Amino acid sequence: MAAIAIRDVTKTYGKLRVIHGVSLDVDDGAFIVIVGPSGCGKSSLLRMVAGLEPITAGEIAIGGRVVNGLEPRERNVAMVFQNYALYPHMSVFDNMAYGLKIAGLAKADIRARVERAAAMLQLQPYLARKPRELSGGQRQRVAMGRALVRDPDVFLFDEPLSNLDAKLRVQMRLEIRQLQRAVGTTALYVTHDQVEAMTLADRLVVMHNGVAEQVGTPMEVYRAPATTFVAGFIGSPSMTLLAASVAESGKGLALDGGGLVKPRDTALPEPGRRVLVGVRPEHLSAVSAPNADLELKVTAVEALGADTLAHGVLCGRNGAGATLVARLPGGTRIGPGETLPLAIAPGATHLFDAGTGRRIEPAGR
Amino acid sequence: MRTKNVTFKSPWLPYLLVAPQLLITAVFFLWPASQAIYQSVLRQDAFGLRTEFVGLANFRRLFADPLYFDAFVTTVVFSALVTGISMLAALVLAIMADRVLRGALAYRTLLIWPYAVAPAVAGVLWWFLFNPTIGLVAYALDVLGYEWNHFVDGTDAMALIVIAAAWRQVSYNFLFFLAGLQAIPRSLIEAAAIDGAGPLRRFLTIQLPLLSPTVFFLMVVNVVYAFFETFGIVHATTRGGPGNDTVILVYKVWRDAFEGLNLGASAAQSVVLMVIVIALTAIQFRFIERRVEY
């Protein structure tokens, strides 16, 4: 077990710079999820921690020891790969025992360790099988077991669940979390799935174009996204962003499509400033027309059972043109073509600078 | 028998379509093979005036002939050396080419070129290099204190034909090894690296076992090559000499027929070779059918 310190790490492939100075501190025993779209550099970062990619500049330390020049095997990390990377010619037992044999452990010790890990992962009946005789979920467990038996300082997960079907993914997600809690090993987990990120992480790192846009607990990131990218990436369906400018003398926000919105419990920046107004679908509720902040002309309805998503275009006195999604209770009866008056929950409006895309924090808060 | 029902309007069109292939097989395989079998039970006088049926006498004489046994041993040694050396060299080259990121295509292309060289030309090339009088390599060896002369020394002669035969085959083996190595997912190697395995151990415990189908396939192909396709190399370099030190089976077939003018004995040897090649092919097909799958 060990803490990880990543200091101003950059990575270039030829002339292409994929990571632009990322810094990150991971506490001992923490579960950190690095989330971002494909090509954001999250896997490269993980592979640099593992030692599979050289670090172009900066420094990575595991347990206080700088590992920049060390081979993967000298770093005492274990990694779970997206395609599991099980050794196809070895049995499940040998797959898990491979690292231990190399480490030169006694046979009895190896057997005890593998069997303990197999018990944790319910793999005992399969120890003699080859990977090709296992299901996707079982292979995933073997890959976990291989990481587990070595008792490493750090677990590295590279999108380990993306090859599984949706149901299995939810199940394995819970198992990974429980397992990591049980053994208390520091974990770095890379994914593009924001649900995985939210549910697994102690702390979340949202990466975009080689930059860590925000680091925080899942709820911090959800409540106060630092940039428009984070705002759009975390949360499903995505937050709606509307271009607007701050109106004179506290009247509210003038939307570019026309119309005025006055968000409740939200401090506004100085008048005239160009902003992006962010509203999450789940913070909109259907109200009677006089109390509405926004009016939505519904174009499509998705009934998901527990929720109903209403997609539409802003209309009426509160501006026009911009598209918006509202998440309404499951039973809501609404059809395309109808006009839906919506209220924004108090304090749930996010403001971003239109130029930089960064969150505008109200002064004095 | 037919799994797919392809219907031709005219009944003779399908036969016309397979005719060229059948014709080639008939002219270049069936006819010579049947001739060999036919001739192997005949004996002719030196002028070809009289031919008599002798049954299996040619075979009996052949198996009793110590020279034939010597040629057999020479062939086994020769093909073992050619197979071993060419596969090992190809494997080393493939491992190195597999690691090269820049200019990989150029390396690969250059490494494949020797395969395009005809065996006889390859033989002449190496004959020049190793020629005791004018050869560059022979000169270099001389400087190092080794007096190379494959006209006199049987071991030198064997080394020469082994090098010439293996050189050409390295390219072929290299291609298969490289493809085999590149078919192994990178993440397996990385997983092994993280599990603590150094490069050599990774190769021995991960890459080599996963290459085993390729290794087996190439072994059969190389043995077949060394047995049957190396006539040109021997003929262009040592001509079986010195003495009979580099007489391999295919060379003996040719020499007994065209220099010894003993067609019956030569045909019997051809039949023996045919049986060997059929056996090797059967082994190959059998194992390729149930390849190690994972």
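Protein chains in written order, with my numbering: chain A, 1 to 365; chain B, 1 to 294.
Virtual Cβ for every residue (Gly too), placed ideally from N, Cα, C.
None of the values given here were measured: they were computed from a predicted structure.
- Within the stretch 198–247 of chain B, the complete alpha helix (DSSP H) segments at least 4 residues long are 199–202, 208–228 and 231–236, listed from N- to C-terminus.
- At least one CB atom of chain A sits nearer than 8 Å to the CB of B:G196.
- Nearest C-alpha to A:T217 among A:T199, A:V211, A:G58 and A:A300: A:T199.
- 8 Å or more divides the Cβ of A:P281 from the Cβ of A:V221.
- Annotation: the stretch 67–130 of chain B contains the following complete segments of the alpha helix (DSSP H) (minimum length 4 residues), in chain order: 104–112 and 119–130.
- Collapsing the DSSP output to three states places B:T281 in a helix.
- For A:E115, the secondary structure class from DSSP, reduced to helix, strand or coil, is helix.
- Think of a sphere of 7 Å around the beta carbon of B:L188: the chain A residues whose beta carbon falls inside it are A85 and Y87, in chain order.
- Secondary structure note for B:A33: its alpha helix (DSSP H) is the uninterrupted segment W31 to Q39.
- About 15 Å separates the beta carbon of A:G278 from that of A:V246, a gap too long to meet the 8 Å contact definition.
- If you look at A:E295, you'll find it in the beta strand (DSSP E) that goes L294 to A303.
- In the structure shown, A:A212 adopts extended strand secondary structure according to DSSP, grouped into three states.
- Under the criterion of beta carbons closer than 8 Å, B:T230 and B:L160 do not qualify as touching, at roughly 12 Å.
- DSSP places A:K11 within a strand segment (E or B) once states are collapsed to three.
- Measuring C-alpha to C-alpha distances from A:K15 to each of A:A78, A:T56 and A:F81 identifies A:T56 as the nearest.
- Listed in chain order, the beta strand (DSSP E) runs fully inside the stretch 16–60 of chain A are 16–26 and 31–35, counting runs of at least 3 residues.
- The residue among A:D307, A:V190 and A:I176 with its C-alpha nearest the C-alpha of A:G184 is A:I176.
- If you draw a straight line from the Cα of A:A117 to the Cα of A:T12, it is about 38 Å long.
- Along the stretch 298–329 of chain A, there is no position whose C-beta sits under 8 Å from a C-beta of chain B.
- Contacts between A:A78 and chain B, judged by CB atoms closer than 7 Å, involve I194 in chain order.
- B:L178 has a beta carbon lying at 8 Å or more from every beta carbon in chain A.
- Shown here, B:Y15 sits in a helix according to DSSP, grouped into three states.
- In the assembly as shown, B:D156 is a buried residue. Its beta-carbon has 16 or more other beta-carbons within 10 Å.
- Judged by DSSP in its simplified three-state form, A:T228 adopts helix.
- In the three-state DSSP reduction, A:Q82 falls in the coil class, being neither helix nor strand.
- Per DSSP, the beta-bridge partners of A:Y189 are A:V33 and A:F157.
- In terms of beta-carbon proximity, B:L204 stays away from the interface with chain A, with every pair separated by 8 Å or more.
- Sorting A:D202, A:M219 and A:A226 by C-alpha distance to the C-alpha of A:A212 places A:A226 at the top.
- In the structure shown, the three-state DSSP call for A:R359 is strand.
- Under the DSSP assignment, B:L42 falls in the beta strand (DSSP E) whose first and last residues are L42 to Q44.
- The residues V82, S86, N222 and Y225, in chain order, have a CB closer than 7 Å to that of B:Q169 in the same chain once the five nearest residues on each side in sequence are set aside.
- A:L156 sits away from A:A85, with the two beta carbons spaced by 8 Å or more.
- In this structure, the beta-carbon distance from A:V114 to A:M96 falls below 8 Å.
- Per DSSP, reduced to three states, the secondary structure at B:T51 is strand.
- Look at A:A97 here: in three-state DSSP terms it is helix.
- The C-alpha of B:R255 is placed about 18 Å away from the C-alpha of B:M158.
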